[in-house]
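Asks: Here you go, one structure.
Chains as they are written, first to last, in this note's numbering: chain A, 1040 to 1271; chain B, 1040 to 1271; chain C, 1040 to 1271; chain D, 1040 to 1271.
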């Protein structure tokens, strides 16, 4: 966990995975950048490694995150993602342990430490209450709570799961921020999750598979702000 | 193998691995870019993924290569390196199967196919005569012949190994270009390898660990040109 | 490749994978053992590691193979499969590089070497003509030719693929034996493959999913013998 | 965690890894079996997969554990270790997440569940207080606490680490049994660990590298009993 530094809620993570890249990604990032300012919300965008620099250079409000990184030190390691290189490219943080790139517990621990030392936020995915609690012991900045079986399905995980994971994580370390994900398809889903008490949420397919990606991003960020204002 | 397109020899691969990144990498790339033009040699540079775009934008003569990529198609796959993203960032090609990132045979095959379809050169590392011959069956653009046990030792693999691998590869597919590596520490080593008949060579530690990296790069590229001219 | 030792054709590989184990596996192995003698054919059976010893002790004619092994030397390596332990349990050989357990080229090479040194036959799976040729360079005892996309489908790969892989492998090393697999569902399929010129074939689902496994094994081995006698 | 069933302390884990196999392993197992009875202690032995059946058949008091297993269900999965096959071979349990075979958190969770369903004890290695606490959330039968993070720091694991991990684990689930390992070289070390409050300890190299393995095993089990009696 970074010292004296945290992402101000509400925030939203957009994960392009391997769906989008290059010019199209940069163009969408610019639109989201404007929407993030308009609604005064923080947006974490996790593009391909190769797009981190371009997006960091082209936007003002976005927090660019790497989709993954390795814990190796400076030196050998052809093909691995060096934390210092991620930072130097302009990233604000790194996503770790996504269901499509699961890590051993020791590697999650090493990567969180490397993130701290490099000045990167760490956001760690977990797919059960037990894993959320376990990862909380490692003090990342943010924990994503997302039951793996719901990823990409359009079904939300529900207020019960959100409540249980929140209690579990805050019980270990109240400073960890929580992102409730899984099944966000539109502004309504965003609204519901935040109304249910979350600080943050996010999506991949909700935007990547939308007919009008820019409109959908705007709808979601607008809903994020509205729900947040009603709760707080 | 890309159609109607090949890298004109002599050429030289510089592999920064996880030794160098960001501004320092870009600065060195610019110096090498000038030297490549001065000596009229082709230089393949394989920086961290996050530096591909910056270097491609900052140089004119370098061929920027990714250190690795995955064969996944556009879509899901958080944390994986998408070929289309590598290409869009300005890369000319991709390095595959390095001893520090070994791939299964099926994955090498898939990646070479993805490189072809995306318009990227593929350069595949092999660590024995048998593997060189095997990979030649897959028709990558370039094969690196480098006995694993010599990597980073400063000992060269010798003319005999170079000759045997060349015969093996050309026997399968004469269009594949060959890069003889392992143990290149200075200009003299470069000179010897090219004099022995190679089209190309390369180094990581020879430059990364040099007291004056820029001077060493210049020395090596100069030797490359000199040896090439004497042979041809 | 083991010296002065080869499996006399025709032979047949039965791969229980993780479908069968323990008493049921031993019982089926005993039935197959009798059928192997009755039809004078060689049968390679690849049970779970934990069943190798029991089956080797309970049968006379079967050649028990491990489903995989690691190339590590005697010493550290908790959880890895030691070649010497496989041999000591009574195995005759080891299967390598199955599509469900793909290996890097270097690891295939190391495992074939370890098999030779330990006195184990090596049988290596390949899923394309290029890979078959490539693996042939490493001189395993047997190469399995099985296009991955057909595994478990009940569709056979056809005489053309069999002919092409045979030529490719024999062109590299005529001493390597070849097993043509993929899509063997019944005795008729076995008959056709051997009639088309193969020395050997095999199946997993053809027997594992049969209503009467013992009857199906008998039918297949009977067809193996009949086809072999008609050809030779 | 298995219901209504636990290993009676004091107990001791001996991990042959890939050091020993076959007849020599069975002979040592028989000697340990006698010593286990003589000192009325429980001994967990984790041989190569291929030796599980032989040792289970040849001993009366030993608890044979697999060095690892996979969470796959019955069916496809060539080369993977099926839980049901491990059980059928006579194993009492399975070791998971050893530093030489680290697993993702999701896989540890799946394997503990599979162990429960198959009737196998699960013993999970952890290398930090955080990981011990994390794994405790998954309710395995036993957690191994072995502080690799202290290696090279000048601090000894000792009573402090044992106390901290015990408190962490028991705070999550008091039914989990704890094995304190790392650096057990002789009977004196065993004595000290148990005197400091542990229920169990274990070794690999302490016995595998001893000049007289059988004598060392006897010395350690004797010390285990003596220390236990003095404490309780």
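Yeah, the Cβ is synthetic: ideal placement off N, Cα and C, and Gly gets one too.
#1: Mark residue 1279 of chain C as exposed unless 16 or more other C-beta atoms lie within 10 angstroms of its C-beta, in which case mark it buried.
#2: Can you list, in chain order, the stretches of the alpha helix (DSSP H) that have 4 or more residues and sit fully within the region 1143-1180 of chain A?
#3: May I ask you to list, following chain order, the residues of the region 1116-1129 of chain B that have a beta carbon less than 7 Å from some beta carbon of chain A?
#4: Are three or more beta carbon pairs between the region 1233-1251 of chain A and the region 1195-1209 of chain B nearer than 8 Å?
#5: Within the 9 Å Cβ cut-off, does residue 1140 of chain D reach chain C?
#6: Tell me the rounded alpha-carbon separation between residue 1194 of chain D and residue 1185 of chain D.
#7: Kindly list the residues whose CB is nearer than 8 Å to the CB of residue 1078 of chain A, restricted to its own chain and excluding five residues on each side of it in sequence; keep chain order.
#8: Counting only runs that start and end within the region 1196-1268 of chain C, where is the beta strand (DSSP E) found for 3 or more residues in a row?
#9: I need the straight-line Cα distance from residue 1100 of chain D to residue 1150 of chain D, nearest angstrom please.
#10: Less than 9 Å between CB atoms is the rule here; does residue 1090 of chain C satisfy it with respect to chain D?
#11: Taking DSSP as the reference, what is the three-state secondary structure of residue 1128 of chain B?
#12: Going by the CB atoms, is the gap between residue 1080 of chain C and residue 1050 of chain C shorter than 9 Å?
#13: Counting only C-beta atoms, is residue 1057 of chain B closer than 9 Å to chain A at any point?
#14: If we call anything under 9 Å between Cβ atoms a contact, is residue 1041 of chain D one with residue 1160 of chain D?
#15: Given this structure, state the Cα-to-Cα distance separating residue 1066 of chain C from residue 1202 of chain A, to the nearest angstrom.
#16: Straight-line CA distance for residue 1094 of chain A to residue 1115 of chain B?
#17: So, is residue 1052 of chain C buried or exposed, given that buried needs 16 or more other C-beta atoms within 10 angstroms?
#18: Strictly by DSSP, which residues pair up with residue 1084 of chain A?
#19: Count the other C-beta atoms from every protein chain shown that fall within 10 angstroms of the C-beta of residue 1153 of chain C, then say buried if there are 16 or more, exposed otherwise.
#20: Where residue 1110 of chain D and residue 1218 of chain B are concerned, what is the direct C-alpha to C-alpha distance, given to the nearest angstrom?
#21: Any beta-carbon of chain B closer than 9 Å to the one on residue 1233 of chain A?
#22: Under 9 Å Cβ-Cβ, which residues of chain A neighbour residue 1157 of chain D?
#23: Who does residue 1135 of chain C pair with in a DSSP beta bridge?
#24: Give a yes or no on whether 9 Å exceeds the smallest Cβ distance from residue 1266 of chain A to chain D.
#25: Output, in chain order, the set of chain A residues within a Cβ distance shorter than 7 Å of residue 1093 of chain B.
#26: Are the beta-carbon atoms of residue 1098 of chain D and residue 1062 of chain D separated by less than 9 Å?
#27: Distance, Cα to Cα, residue 1143 of chain B vs residue 1130 of chain D?
#28: Nearest to residue 1199 of chain A by CA position, among A:1056, A:1258 and A:1231, is which residue?
#29: Can you grab the Cα-Cα spacing for the pair residue 1087 of chain B / residue 1204 of chain D, in whole Å?
#30: For a quick check, are the C-beta atoms of residue 1091 of chain A and residue 1180 of chain A less than 9 Å apart?
#31: Under 9 Å, do residue 1173 of chain C and residue 1174 of chain B count as touching if we go by C-beta distance?
#32: For the region 1074-1088 of chain D, enumerate the residues whose C-beta is nearer than 9 Å to any C-beta of chain C, in chain order.
#33: Could you check how far apart the C-beta atoms of residue 1272 of chain A and residue 1271 of chain B are, in whole angstroms? I think they sit under 8 Å.
#34: What three-state label does DSSP hand residue 1182 of chain C in the structure shown?
#35: Based on the DSSP secondary-structure assignment, which residues constitute the bridge partners of residue 1114 of chain D?
#36: Give the residues of chain D in contact with residue 1214 of chain A, contact being defined as C-beta atoms less than 9 Å apart.
Replies: From the atom records:
#1: With chain C covering 1040 to 1271 only, the question about residue 1279 of chain C has no answer from this structure.
#2: 1144-1157 and 1168-1175
#3: 1116, 1117, 1118, 1119, 1120, 1121, 1123, 1124, 1125, 1127 and 1128
#4: no
#5: Translated into the one-based positions of the fourth chain, residue 1140 of chain D becomes position 101. It does; some Cβ of chain C falls within 9 Å.
#6: The residue labelled residue 1194 of chain D in the question sits at position 155 within the fourth chain. The residue labelled residue 1185 of chain D in the question sits at position 146 within the fourth chain. Legend: pLDDT at residue 1194 of chain D = 49, less than 50; position of this residue unreliable, value from coordinates given subsequently. Near 13 Å, if we compare the C-alpha coordinates of residue 1185 of chain D and residue 1194 of chain D.
#7: Here residue 1078 of chain A is taken as the residue at index 39 of the first chain, counted from 1. Correct list, in chain order: 1260, 1261, 1263 and 1264.
#8: 1216-1219 and 1239-1242
#9: The residue labelled residue 1100 of chain D in the question sits at position 61 within the fourth chain. The residue labelled residue 1150 of chain D in the question sits at position 111 within the fourth chain. Each residue's Cα considered, the two are about 25 Å apart.
#10: Within the third chain, residue 1090 of chain C is the residue found at index 51, counting from 1. Closer than 9 Å to some Cβ of chain D, the Cβ of residue 1090 of chain C qualifies, so yes.
#11: Translated into the one-based positions of the second chain, residue 1128 of chain B becomes position 89. Residue state, collapsed to three classes: coil.
#12: Stepping through the third chain from its first residue, residue 1050 of chain C is reached at position 11. Stepping through the third chain from its first residue, residue 1080 of chain C is reached at position 41. Result yes, Cβ atoms of residue 1050 of chain C and residue 1080 of chain C sit closer than 9 Å.
#13: Here the question's residue 1057 of chain B lines up with position 18 in the second chain. So yes, residue 1057 of chain B belongs to the interface.
#14: Against the fourth chain, residue 1041 of chain D aligns to sequence position 2. Against the fourth chain, residue 1160 of chain D aligns to sequence position 121. Yes, Cβ-Cβ distance for residue 1041 of chain D and residue 1160 of chain D is below 9 Å.
#15: Numbered from its first residue, the third chain carries residue 1066 of chain C at position 27. Numbered from its first residue, the first chain carries residue 1202 of chain A at position 163. Cα-Cα distance, rounded: 52 Å.
#16: Along the first chain, one-based indexing puts residue 1094 of chain A at 55. Along the second chain, one-based indexing puts residue 1115 of chain B at 76. The alpha-carbon atoms of residue 1094 of chain A and residue 1115 of chain B are separated by roughly 20 Å.
#17: Within the third chain, numbered from 1, the residue matching residue 1052 of chain C stands at position 13. Buried.
#18: By one-based count along the first chain, residue 1084 of chain A stands at place 45. Per DSSP, A:1053 and A:1103.
#19: As a working note, residue 1153 of chain C is residue 114 in the third chain. By the 10 Å Cβ count, residue 1153 of chain C comes out buried.
#20: Locating residue 1110 of chain D in the fourth chain gives position 71, counting from the first residue. Locating residue 1218 of chain B in the second chain gives position 179, counting from the first residue. Answer to the nearest angstrom: the Cα atoms are 43 Å apart.
#21: Along the first chain, one-based indexing puts residue 1233 of chain A at 194. No - not a single Cβ of chain B is within 9 Å of the one on residue 1233 of chain A.
#22: Mapped onto the fourth chain, residue 1157 of chain D falls at position 118. Result: empty, since nearest Cβ-Cβ is about 20 Å, beyond 9 Å.
#23: For the purposes of this step, residue 1135 of chain C is taken as residue 96 along the third chain, with counting starting at 1. Answer is C:1163.
#24: Here residue 1266 of chain A corresponds to residue number 227 of the first chain, with the count starting at 1. No, its Cβ sits nowhere closer than 9 Å to a Cβ of chain D.
#25: As a working mapping, residue 1093 of chain B is identified with position 54 in the second chain. In chain order: 1092.
#26: Taking the fourth chain and counting its residues from 1, the one referred to as residue 1098 of chain D is at position 59. Taking the fourth chain and counting its residues from 1, the one referred to as residue 1062 of chain D is at position 23. No, the pair does not count as a contact, with Cβ atoms beyond the cut-off.
#27: Within the second chain, the letter at position 104 stands for residue 1143 of chain B. Within the fourth chain, the letter at position 91 stands for residue 1130 of chain D. When rounded, the distance between both Cα atoms is 33 Å.
#28: Residue mapping note: residue 1199 of chain A aligns to position 160 of the first chain, counting from 1. Comparing Cα-Cα distances from residue 1199 of chain A to each of A:1056, A:1258 and A:1231, the minimum goes to A:1231.
#29: Position 48 of the second chain holds residue 1087 of chain B. Position 165 of the fourth chain holds residue 1204 of chain D. Cα to Cα, the separation comes out at about 39 Å.
#30: Stepping through the first chain from its first residue, residue 1091 of chain A is reached at position 52. Stepping through the first chain from its first residue, residue 1180 of chain A is reached at position 141. Result no, Cβ atoms of residue 1091 of chain A and residue 1180 of chain A do not sit closer than 9 Å.
#31: On the third chain, residue 1173 of chain C is found 134 positions in, with the first residue counted as 1. On the second chain, residue 1174 of chain B is found 135 positions in, with the first residue counted as 1. Yes, these two residues count as a Cβ contact at 9 Å.
#32: 1085, 1086, 1087 and 1088
#33: Chain A is shown only over 1040 to 1271; residue 1272 of chain A falls outside these bounds and no answer can be derived.
#34: The residue you call residue 1182 of chain C lines up with position 143 of the third chain. It is a strand residue.
#35: Looking up residue 1114 of chain D in the fourth chain gives position 75. Paired residue(s): C:1057.
#36: In the first chain, counting from the first residue as 1, residue 1214 of chain A sits at position 175. What residue 1214 of chain A touches in chain D: nothing, since even the nearest Cβ is about 15 Å away.
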